[in-house]
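A.B. asks:
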Amino acid sequence: MAAKIKTVLVGLGRMGKNHLRVLRDTPGIDLKAVVDAQAVQPGDLGSIGFCRTLAELKSIDFDAAVIATPTATHHAVALELIGMGKHLLVEKPIASTFEQGREVLEAAANRGVKLAVGHVERFNPAVRKLREIIKEGFLGTPIHFSFTRVGGYPETVITGNNVILDLAVHDIDVLRSLVGAVKLEHSMCHVTWRENVFDTAEIFLASSTGASASVHVNWITPTKIRSIRVTGTRGVCFVDYILQTCELYGGSLLRPVEPTNIHSFDSIQELYRATDKIQFGVQKEEPLRAQAKQFHRFVTEGDAGELCTGRDAHAAVLLAERAMQVEQTRARPTSLPPNDGLLTAADEWI
Numbered sequence: 001m002a003a004k005i006k007t008v009l010v011g012l013g014r015m016g017k018n019h020l021r022v023l024r025d026t027p028g029i030d031l032k033a034v035v036d037a038q039a040v041q042p043g044d045l046g047s048i049g050f051c052r053t054l055a056e057l058k059s060i061d062f063d064a065a066v067i068a069t070p071t072a073t074h075h076a077v078a079l080e081l082i083g084m085g086k087h088l089l090v091e092k093p094i095a096s097t098f099e100q101g102r103e104v105l106e107a108a109a110n111r112g113v114k115l116a117v118g119h120v121e122r123f124n125p126a127v128r129k130l131r132e133i134i135k136e137g138f139l140g141t142p143i144h145f146s147f148t149r150v151g152g153y154p155e156t157v158i159t160g161n162n163v164i165l166d167l168a169v170h171d172i173d174v175l176r177s178l179v180g181a182v183k184l185e186h187s188m189c190h191v192t193w194r195e196n197v198f199d200t201a202e203i204f205l206a207s208s209t210g211a212s213a214s215v216h217v218n219w220i221t222p223t224k225i226r227s228i229r230v231t232g233t234r235g236v237c238f239v240d241y242i243l244q245t246c247e248l249y250g251g252s253l254l255r256p257v258e259p260t261n262i263h264s265f266d267s268i269q270e271l272y273r274a275t276d277k278i279q280f281g282v283q284k285e286e287p288l289r290a291q292a293k294q295f296h297r298f299v300t301e302g303d304a305g306e307l308c309t310g311r312d313a314h315a316a317v318l319l320a321e322r323a324m325q326v327e328q329t330r331a332r333p334t335s336l337p338p339n340d341g342l343l344t345a346a347d348e349w350i
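Number 196 in the UniProt record's numbering belongs to position 196 of the sequence shown; there are no gaps in the numbering.
1. Can you name, in chain order, every residue of its own chain whose Cβ lies under 7 Å from the Cβ of residue 219, other than the five neighbours on each side?
2. Is DSSP giving residue 16 helix, strand or coil here?
3. Please say whether residue 176 and residue 315 have beta carbons closer to each other than 8 Å?
4. Compare the C-alpha of residue 245 against each of 94, 230 and 281 and name the closest.
5. May I have the straight-line CA-CA distance separating residue 216 from residue 12, to the nearest angstrom?
6. Spatial neighbours of residue 16 within its chain, please: CB distance less than 6 Å, with the 5 preceding and 5 following residues excluded, ordered by chain position.
7. Go to residue 147, then tell me how far its beta strand (DSSP E) extends in each direction, as first and last residue.
8. With a threshold of 6 Å on Cβ separation, who are the neighbours of residue 254 within its own chain once the five nearest residues in sequence on each side are excluded?
9. May I ask which residues mark the beginning and end of the alpha helix (DSSP H) holding residue 224?
10. Given a threshold of 16 other Cβ atoms within 10 Å of its Cβ, counted over all protein chains shown, does residue 124 qualify as buried or as exposed?
11. Is the beta carbon of residue 86 closer than 8 Å to that of residue 313?
12. Whose C-beta lies closer than 7 Å to the C-beta of residue 141 among residues of the same chain, with five residues either side of it excluded?
13. Report yes if the CB atom of residue 350 is closer than 8 Å to the CB atom of residue 318, and no otherwise.
14. Candidates 295, 206 and 102: which alpha carbon is nearest residue 3's?
15. Could you name each continuous beta strand (DSSP E) segment of 3 residues or more that falls completely within the region 84–164, going from the start of the chain to the end?
16. By Cβ distance, which residues of its chain are closer than 8 Å to residue 182, with the 5 residues on each side in sequence left out?
17. Classify residue 322 as buried or exposed, calling it buried when 16 or more other Cβ atoms lie within 10 Å of its own Cβ.
18. Just verifying my parser: in three-state terms, what is the DSSP assignment at residue 205?
19. Is it buried or exposed for residue 287, if we count other Cβ within 10 angstroms and need 16 for buried?
20. Can you tell which of 136, 276, 112 and 324 has the C-alpha that lies nearest to the C-alpha of residue 186?
21. Need the endpoints of the beta strand (DSSP E) that residue 279 sits in, please.
22. Quick check on this structure: which residue in 46, 50, 32 and 266 has the alpha carbon closest to the alpha carbon of residue 40?
23. Near residue 145, what residues of its chain come up, given a Cβ to Cβ distance below 7 Å and the 5 sequence neighbours on each side ignored?
Given below as structure tokens:
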């Protein structure tokens with residue numbers, strides 16, 4: 001039987017409640033307590049403790065913590081728990097800024113604790129399938145990645161948050177997990193509802209493999225959409241993050257069409273219906289649950305698997321920060337975070 005890790009959950013907001021649901025019945029996780037300064041104590045915690053402050057955790061024996069507090073607090077909460085010597089799974093993004101992320105990384109390394117960040121789409125079965133499809137060559141050479149992550153305005157948006165930090169970091173991380181290093185080419189952001197809060201953004205990236213990528217995110221679309229479209233030299237793949245589907249289209253659409261094949265508008269429509277379609281089988285699973293299982297293996301066996309490392313999460317924040325800088329200056333950023341030996345100059349592949 002796998003060793004259990006004594007775990008606490010910090011934060012009982014929207015994501016915190018999801019983590020609570022998953023952690024309390026994940027094999028190998030012994031949830032000892034939840035911490036939230038604002039929430040009313042849930043009535044169904046059973047033997048799970050409830051604390052208002054991190055200081056109260058000093059009387060609790062635990063090995064690891066999941067941080068699901070607002071983004072602006074990730075840095076301070078992570079540093080305090082690292083100081084206690086606890087392994088961490090921090091909700092994405094790792095921190096609000098590149099500098100704060102650096103401090104969390106350095107603190108974890110110096111204290112010798114394991115650090116993972118909850119870029120949960122890595123565990124989406126459809127993304128896993130897409131990774132296989134690319135690796136096995138079904139798409140040929142990927143040419144372009146198009147990410148869409150849109151929906152309605154959240155009920156609670158606090159100062160300092162925006163669609164890039166809240167949404168786009170997911171797809172930036174997925175892109176890097178698929179193709180490796182990328183760099184920012186350009187970005188545009190819009191403020192529609194709340195002053196100084198970017199609620200729409202378009203980010204354009206280039207990959208070290210030669211592929212291009214676009215990420216569109218917003219909080220102004222009534223319908224929630226989470227999708228990826230990958231165009232390759234042998235076909236086009238569509239991924240729906242929510243439905244966990246993965247479809248590949250190829251065949252006649254990619255072959256030259258003889259003019260004699262087109263006799264009427266109906267024949268044109270038929271041509272586009274005639275493409276070969278492969279519906280890949282996807283074993284559906286809740287990504288958050290898969291991530292919790294991998295975090296257990298990471299802490300007990302050192303096996304990070306598909307978990308987002310602190311370094312990868314730090315890179316996603318750097319790219320997000322640069323995207324915001326470009327919008328704010330309407331030019332490439334010239335003042336960048338200092339070289340830390342890992343992430344450096346403006347045009348560096350990250």
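Glycine included, C-beta positions come from ideal geometry on N, C-alpha and C.
C.D. replies: Here's the rundown:
1. 151, 152, 153, 154, 163 and 199
2. helix
3. yes
4. 281
5. 29 Å
6. 68
7. 142–150
8. Reliability of the predicted coordinates at residue 254 is poor, the pLDDT of 48 falling under 50, and no value is obtained from them.
9. Element bounds for residue 224: n/a, residue is neither H nor E.
10. buried
11. no
12. 232 and 233
13. yes
14. 295
15. 87–91, 115–118 and 142–150
16. 172, 175, 176, 205, 206, 207, 208, 213, 319, 349 and 350
17. buried
18. strand
19. buried
20. 324
21. 276–279
22. 50
23. 175, 211, 213, 228 and 230
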